[in-house]
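The next block holds one structure in the form of structure tokens; read it before the comments.
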Amino acid sequence: MSLKSFKETLKACSNSASTSAFISASHLHDSETDTSFCQRKPPKSSISRQLQRLHDPNTPPVKQEQEPQDHEGKRRESSEVPSETGSAASAFAHSVPTGPFEPLVLSSPGEADIVQVPASINCRLFEHQREGVRFFYSLYKKNHGGVLGDDMGLGKTIQTIAFLAAVYGKDQEHSVLKTPHTRNLGPVFIVCPTSVIRNWENEFSEWGTFKIAAYHGPNRDLMLNKLEARGLEILITSFDTFRIHNKILLEVKWEIVIVDEAHRLKNEKSQLYKSFLGFQTAKRYGLTGTIMQNKIVELFNLLDWVAPGSLGTREHFRDFYDEPLKHGQRITASKSCLEIAVERRKHLVSVLRIYLLRRTKEETIGHLMRGKEDNVVFCAMSELQKRVYRRTLELPEFQCLINKDLPCSCGSPLTQVECCKRIVPNGVIWTYLHRDNPDGCDSCPYCLVLPCLIKLQQISNHLELIKPNPRDEAEKQKKDAEFASVVFGADIDLVGGNVPSENFLSLSDVEHCGKMRALQKLMSAWTSLGDKILLFSYSVRMLDILEKFLIRKGYCFSRLDGSTPMSSRQSLVDDFNYSPSKQVFLISTRAGGLGLNLVSANRVVIFDPNWNPAQDLQAQDRSFRYGQKRHVIVFRLLAAGSLEELIYSRQVYKQQLSNIAVSGKMERRYFEGVQDCKEFQGELFGIGNLFRDLSDKLFTREIIELQENHMLDYSNAEIGERRGIAESPSEPKELSVAETRKPKFFDLGIVYSHRNEDVINAKPGNRDQRKADETSVKTTSYTCIQQASDINKTHRPIDDDTGPSMKQKKRIEYGLVARFMRMGELEFSKWLLSASPSQRQKVLRNYKYHKKKPRVQVG
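UniProt numbering applies: residue 1 is where the sequence shown begins, and numbers increase by one.
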């Protein structure tokens, strides 16, 4: 055996993708004798199928997915769950094979000073992590900064440590390497959230031999003295501590500055951002999984800190990138506008590739995970909720904001907000906000926007939330009780008055919260199958209500919110992961942002949406990360016809802009509105849209169908232009709840649902092909429902009035056989071409036997 072949043998564990491909091939070979083999990432089941199983108790239960197997084919024990504290480093460390390995050399061949990642670290890295280390070092050699923008759970911490270990020569087996002092390197400064300081210290102690300390607490001055005496190599502090003591810390000549959760530098007007501009080193590195959250200009602020001038000036960035990209996403954008947007998008991505490395779970460790479905479920508000919602919109404060741009009734040429309706002295909310200033403030009436939005969100979630909060001061409780009495009106007895209720039955009453109906059905079905559930809400009061709901239903649960001490959080996580009796983990969306690894849960419910899409995505990643052995299904519950639909639509808008600007993806155009543009506020932006009454419409469904109508009009216009015929686009018909048929799952409280990835990541293409694909999905859903219920013959597809044709039935049957084989149709077609006749016959016999098996009823 040659030396090169021997080295490749030792490096076998470095390419996990190749290893998994070999294992998959072995499984495929073994499938000749077992046709029910399981892929690592099973095909997605339709939302209709999932909801149908809840609706029809006669539907057979879904077969539990097989546990992933190791290289010897032995099933892994369920106790092998990584017990790390937020970083993926420990999970990778305990899962990747170790053994004889060679260091990862970063320096160029021929250089006297060899820079390499120690073999003890390199042997435990995934290939995408090695690429991240090379990215860091390439910037370091050029004296540049950059951003590592990997998804949460891909090991940004360990990539950083591996890079520092190479630069500082932490390779004990190669004593001939130069030490950091002979290289004349200064110290490293790491800024991170307070909650992960301890995590950084633990990871450094496990992965390297650095001299580290935390500049946090009463011994801060002592740490600075040790730093001056060159007794420290790495100093870690929190954002809050840096903001207070930045003048002292900026005087140190740092070699490298690293900012964890670097998206906190998104606002150039904040004092924190201005302080960070004072670092003297050019080697500035940011770590974040959410590079852009709300606006494209946030991307500029972060890149301009790590690599000043890389994207030009702020004014140039707005004119050259920001405005063209935003206007290019308008659904009615002109052809020239689209061409400019495509050109600027490509140019921006080419620049970002130099300073930004962004990878997702799907493209890195997707073959090691079981996949995730992000379902958006629109739940009907109860009739009581709708009445309260409409009464709220009729209050003086809301009417003042809704009609602010109308001509004033006094006859002056000014608008209402500029003339007589600037203040609302007869409003409950306004009088409380201006109790010390009866004449109003300089921001009136716009100071009412946030309090009014909070009230609408509370009504959308649960009517109990608009009652006084016992934790508030007495004066605020009095005003909240007055507000509740006004909006409850004649229905006040139905909600138990305007005082807070502790009644378990009323708090879980579906009349007080329409989402409760769907939540009850979902959780009942999941727990009966042994699933574990994460239940998120951003409101502590909503968590209190959900806690009483769980107690009433008899679920065994844990709870974590902002009041949970940091010292006890990990014990709660471990208890949930390892205890079979724990069924539900109740978590605050904001408190659960960092340091939680809950891979034992395979079902996630986000009870209320957040304006910032990153918050909801981070909540999902508590479960969907390396170490998860089951398919993760997420249900986001939205109140149909409420402000929450607009919140979700803005999430879609922001995520699509992020995909365009950061990843250079092509996205469908759904919206007419443009952020921060008064001329094109469209259906998303502006105060008028925030306080619209959407209770009689399916707002999100209208937006999606409007996009399809626009694509059809665009295609017809192109055909007419080629034929010399002038064809005017038809007006899309407005779809209201009254005009649509009663949805199949209405008695479950669900009026509409779709997958988030189908909307966010839908690429524009040939419309006829997309239409054919959608028809195939609808007819497949139709057949699945018919097969799932032999008793109930009244089910019809949501969007089809007639059954499938013979050709469609054959196509559906083909798809069912493919799903039985746990393959997609394309993958199954390739398998058929390579399979022997005996293999095909065996698959067909097993499939027919599977269809004839008696169905087991689910209670």
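Virtual Cβ for every residue (Gly too), placed ideally from N, Cα, C.
Pair within 7 angstroms by beta-carbon distance, residue i and residue j
| i | j | result |
| --- | --- | --- |
| residue 377 | residue 750 | yes |
| residue 604 | residue 627 | no |
| residue 643 | residue 412 | no |
| residue 489 | residue 559 | no |
| residue 645 | residue 700 | yes |
| residue 862 | residue 186 | Lying before the first or after the last residue shown, residue 862 is absent from the chain, which here runs from 1 to 859. |
| residue 521 | residue 601 | no |
| residue 410 | residue 416 | no |
| residue 116 | residue 105 | yes |
| residue 429 | residue 397 | yes |
| residue 576 | residue 548 | no |
| residue 287 | residue 260 | yes |
| residue 306 | residue 145 | yes |
| residue 236 | residue 207 | no |
| residue 584 | residue 529 | no |
| residue 379 | residue 462 | no |
| residue 424 | residue 487 | no |
| residue 301 | residue 266 | yes |
| residue 375 | residue 755 | yes |
Neighbourhood of residue i by C-beta, 7 angstroms cutoff - its chain only, sequence neighbours within 5 removed
| i | result |
| --- | --- |
| residue 610 | 538, 589, 616 |
| residue 386 | 695 |
| residue 344 | 320, 321, 324, 325 |
Expected contact under 8 angstroms - CB spacing of residue i and residue j to nearest Å
| i | j | result |
| --- | --- | --- |
| residue 470 | residue 500 | 6 angstroms |
| residue 365 | residue 126 | 7 angstroms |
| residue 325 | residue 660 | 6 angstroms |
| residue 663 | residue 358 | 7 angstroms |
| residue 637 | residue 519 | 7 angstroms |
| residue 264 | residue 272 | 7 angstroms |
| residue 545 | residue 464 | 6 angstroms |
| residue 435 | residue 534 | Not a contact, Cβ separation roughly 41 angstroms. |
| residue 752 | residue 698 | 6 angstroms |
Residue i classed as buried or exposed, judged by whether at least 16 other C-beta atoms fall within 10 angstroms
| i | result |
| --- | --- |
| residue 840 | exposed |
| residue 542 | buried |
| residue 633 | buried |
| residue 580 | exposed |
| residue 566 | exposed |
| residue 347 | exposed |
| residue 655 | buried |
| residue 240 | exposed |
| residue 620 | buried |
| residue 788 | Note that residue 788 has pLDDT 31, beneath the 50 cutoff, so the model's placement of it is unreliable and no number is given. |
| residue 62 | In this prediction, residue 62 has a pLDDT of 45, which is less than 50 and means its spatial position is unreliable; what the coordinates show is noted afterwards. That one is exposed. |
| residue 651 | buried |
| residue 103 | buried |
| residue 128 | buried |
| residue 438 | exposed |
Close-in-space but distant-in-sequence residues of the same chain around residue i (CB under 6 angstroms, 5 per side omitted)
| i | result |
| --- | --- |
| residue 328 | 337, 338, 341 |
| residue 687 | 401 |
| residue 783 | Low per-residue confidence applies at residue 783: pLDDT is 34, beneath 50, and the placement is therefore not dependable, though the value from the model is reported in the following sentence. Within the same chain, residue 783 has close Cβ partners 812. |
| residue 849 | none |
| residue 456 | 643 |
| residue 614 | 290, 293 |
| residue 836 | none |
Contact test: residue i Cβ vs the ligand ADP heavy atom, cutoff 6 angstroms
| i | result |
| --- | --- |
| residue 113 | The ligand ADP is not among the ligands present in this structure, which contains no ligands whatsoever. |
In DSSP terms, what residue i is bridged to
| i | result |
| --- | --- |
| residue 559 | 586 |
| residue 378 | 638, 752 |
| residue 189 | 235, 257 |
| residue 116 | 105 |
| residue 606 | 536, 636 |
| residue 214 | 236 |
| residue 407 | 415 |
| residue 147 | 286, 356 |
| residue 373 | 633 |
Same chain only: Cβ atoms within 8 angstroms of residue i, ignoring 5 sequence neighbours per side
| i | result |
| --- | --- |
| residue 248 | 224 |
| residue 42 | Confidence in residue 42 is poor, its pLDDT being 41 and thus under 50, which makes the residue's placement unreliable; the coordinate value appears in the next sentence. Once the five neighbours on either side are set aside, the close Cβ partners of residue 42 are 65, 370, 371, 631, 822. |
| residue 238 | 191, 192, 193, 194, 197, 216 |
| residue 418 | 408 |
| residue 582 | 532, 556, 557, 558, 575, 576 |
Chain C contact for residue i (CB, 7 angstroms cutoff)
| i | result |
| --- | --- |
| residue 130 | No chain C appears in this structure, which consists of one protein chain only. |
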